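For the sequence shown, position 183 matches number 183 in the UniProt record's numbering, and the numbering has no gaps at all. In what follows, a single structure is set out as structure tokens and then discussed.
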Amino acid sequence: MMAISANYCFETLARKSNPKVVHHGIIRSSFSSKDDLRGQTVVVVGLGASGRSAARLALTRGASVLAIDKNEKLVPLEHDPMFEKYDDLRTILGHCDRDILEKADRVVVSPGVPLQNYGLSSLLQSGRQVISEIQFAAEVLPRSIKVLAVTGTNGKSTVTSFAGQMLTHLGFKTFVGGNLGTPLSEASILCLTSSVRTKYQVAVVEVSSYQMEIPNKCFCPSVAVVLNLTPDHLERHKTMQDYASIKCRVFSHMSHSKLAVLPIGNEHLNKAFRNYAHNCHVAWLGAHPGVKIDMEAKVADLELPSKGIDSRVQLGSMKAMGNHNYHNAAVAALSVLGLDMGIEADSISELVETLKSLPHRMQIVHRDTYGVTWVDDSKATNVESTYTGLMSLKEQKAVVLLGGVAKVIQDTNSNGFRKLVGPLMHHRCVITFGFSGSMIYETLQAGGLIIPCIRAKTLEDAVSCARSIAGNGDTIREGLSEIGLHILIILCLGLQVAGLQVGIINTIPVGCWKWIMGREKLYTA
């Protein structure tokens, strides 16, 4: 699409006068008007799910919207049925004149857009209204909605999902989303357009580091959790301390009765937290006040003196696969109780068995006629999450597939895969594949891996090889294993495209799993 000048865009999107408009201040009330941005022009940068939702929210709030994205192959929003009722909307695909952003009243940035693009960083430093989608959404969330925010390198989607499931089962009207699935802007749109203002009682929001790169003024959770911090996204954040500081921005406006939850003993997070703590209550993962987990007894002891909580949650009925899910459920329970909504720990104990894992996270997708269980853990897109998945199944023999395009680990001489040698020793075989397959193979061999390690060219080749290994031998008899089911895990280490880390998960459900089940009949004795 051809470049469009700033003057053309702003002449086309005619401004409407409104004496109540505040162009460079944050409007925050107990419930904002649908028209609080009338007369303003909002530029939305990046038209993925978050950007599209932010554009709809801006239009709902009465603004004129310029939606921009570098991808010239996208369909302009004006031609999208979701936007057909809006007139004050223009889309610019491809090159964009920087003057457009400089003349806008607000610039809302999607999390997938680095601040180096479009001169966003310099605009932000100059004091212009450059904000994240999550802050833009938080501006108009009713104060009556309690917010539980979950972030961290690994496990945040599962903890968010578990907490949402608990609250929903307990009868609370709950929004679950953010970085996970549905953007927070969708909740804000519903609150603005619904006839019942208290549509949601609580919002459980997964927050990524990309969503917190721009300092926020309005996103203030009742409970915020940083689960862990391990090397990831360093191609964007550069150093671990910068990464920790961005994560801890989730605490930046929490005080008084708010609850901050952090893992015990993380030096980077402890240092960063001191810069953002404002006398809020603090709880720890692995210590009290906070939660301690007895993995052998499968119980979690929760203590939050500030909330009057001293309880035990039983985890033994957990059906979700993987020992790490006991930890995820315990953190979700602590977070839900910390919302101070009158929930009893016994009620949560009764719900543990109902918790379901998310797709691609230790998800059982198929049990074949030979007693082999096929598990999709392809959301394990870094070494640390892969390590966790392997350790959670160390008591079961598995054929493990590792592949894709490995993420970059900066400031280190290691690619990180040596860490997997230990947990892989518990399993039957490793098969590497894809772009980084050879590198993974060589690293594991050099690290002293003693179980068989096989190189395959493609995912399909790897699956064929894995099925042959899992289906032969005297451990499988009449479709059942004499020592329990064999597990085959698909652990894909991410897909990197032009420097952007993208999960490989989309290629697996439609392609691989149907292919596996379709070819099962070929593996006959």
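Every residue gets a Cβ at the ideal spot worked out from N, C-alpha and C, and that includes glycine. None of the values given here were measured: they were computed from a predicted structure.
Where residue i sits in the DSSP three-state scheme
i, result
"residue 28", "For residue 28, the pLDDT reaches just 39, beneath the cut-off of 50, and the residue's location in the model is therefore unreliable, although a value from the coordinates is still provided. Coil at residue 28, not helix or strand."
"residue 206", "strand"
"residue 120", "helix"
"residue 169", "helix"
"residue 433", "strand"
"residue 263", "strand"
"residue 253", "coil"
"residue 373", "strand"
"residue 331", "helix"
"residue 138", "helix"
"residue 287", "coil"
"residue 324", "helix"
"residue 113", "coil"
"residue 38", "coil"
"residue 478", "No answer about residue 478 holds up, because its pLDDT of 21 lies below 50 and its placement is not dependable."
"residue 143", "coil"
"residue 460", "helix"
Paired residues, beta bridge with residue i - DSSP
i, result
"residue 311", "302"
"residue 66", "43, 90"
"residue 174", "202"
"residue 159", "Paired residues: none, contrary to the question."
"residue 364", "375"
"residue 427", "Paired residue(s): none; residue 427 is not in a bridge."
"residue 79", "Looking at the DSSP assignment, residue 79 forms no beta bridge with any residue, so it has no partner."
"residue 278", "255"
The alpha helix (DSSP H) enclosing residue i, as first and last residue numbers
i, result
"residue 147", "Premise fails: residue 147 lies in the beta strand (DSSP E), 146-151, not in any alpha helix (DSSP H)."
"residue 268", "267-274"
"residue 246", "240-247"
"residue 129", "Element bounds for residue 129: n/a, residue is neither H nor E."
"residue 294", "It is not in any alpha helix (DSSP H) - residue 294 instead sits in the beta strand (DSSP E) that spans 290-294."
"residue 345", "345-351"
"residue 182", "Unbroken run through residue 182: none, as it is neither H nor E."
"residue 52", "49-60"
Which listed residue (the options) has its alpha carbon closest to that of residue i
i, options, result
"residue 131", "363, 218, 396", "218"
"residue 172", "163, 317, 441, 179", "163"
"residue 152", "228, 222, 183", "228"
"residue 337", "77, 223, 91, 403", "223"
"residue 455", "40, 470, 432", "432"
"residue 129", "116, 295, 114, 109", "109"
"residue 307", "406, 329, 328, 335", "335"
"residue 266", "122, 254, 297, 231", "231"
"residue 466", "429, 418, 417", "429"
"residue 273", "236, 255, 54", "255"
"residue 437", "420, 457, 83", "457"
"residue 270", "247, 289, 288, 290", "247"
"residue 114", "204, 212, 401, 150", "212"
"residue 158", "205, 147, 137, 169", "205"
"residue 238", "264, 220, 215, 209", "209"
"residue 166", "350, 310, 384", "350"
"residue 304", "333, 121, 318", "333"
"residue 92", "103, 84, 80, 74", "74"
"residue 452", "459, 470, 435", "470"
"residue 446", "417, 298, 460", "417"
"residue 125", "102, 397, 136", "102"
"residue 463", "443, 402, 98", "402"
"residue 147", "119, 225, 97", "225"
"residue 330", "277, 268, 294, 52", "294"
"residue 396", "104, 375, 302, 116", "375"
Span of the beta strand (DSSP E) around residue i
i, result
"residue 403", "398-403"
"residue 103", "Note, residue 103: premise wrong, no beta strand (DSSP E); alpha helix (DSSP H) at 98-103."
"residue 383", "From DSSP, residue 383 is part of no beta strand (DSSP E) but of the alpha helix (DSSP H) over 383-392."
"residue 224", "223-226"
"residue 454", "453-455"
Min CB distance residue i to chain D below 9 Å
i, result
"residue 427", "Among the chains of the structure shown, chain D does not appear; only one protein chain is present."
Proximity test, residue i beta-carbon vs the ligand FMN heavy atom, cut-off 8 Å
i, result
"residue 62", "By its list of ligands, the structure shown contains no ligand whatsoever, and the ligand FMN lies outside what it can speak to."
Kindly confirm or deny that the stretch 273-291 and the stretch 253-261 touch, where touching means at least three C-beta pairs closer than 8 Å. Verdict: yes, contact present.
Mind the definition here: the stretch 320-327 touches the stretch 134-145 only if three or more C-beta pairs lie below 8 Å; say whether that holds. With the cut-off at 8 Å, the stretch 320-327 and the stretch 134-145 do not touch.
Does the stretch 189-206 come close enough to the stretch 364-379 to have 3 or more Cβ pairs within less than 8 Å? Using a C-beta cut-off of 8 Å, the stretch 189-206 makes no contact with the stretch 364-379, since fewer than three inter-stretch Cβ pairs fall below that distance.
Quick check: the stretch 421-431 against the stretch 366-385, are at least 3 beta-carbon pairs closer than 8 Å? Verdict: no, contact absent.
Contact between the stretch 53-70 and the stretch 172-189 (3+ Cβ pairs under 8 Å): Short answer: they touch.
Count the C-beta pairs between the stretch 66-81 and the stretch 35-44 that are closer than 8 Å, then say yes if the count reaches three, no if not. The answer is yes - the stretch 35-44 touches the stretch 66-81, with three or more Cβ pairs under 8 Å.
Count the CB pairs spanning the stretch 241-256 and the stretch 167-185 that are closer than 8 Å, and state whether there are at least three. Not touching, per the Cβ criterion.
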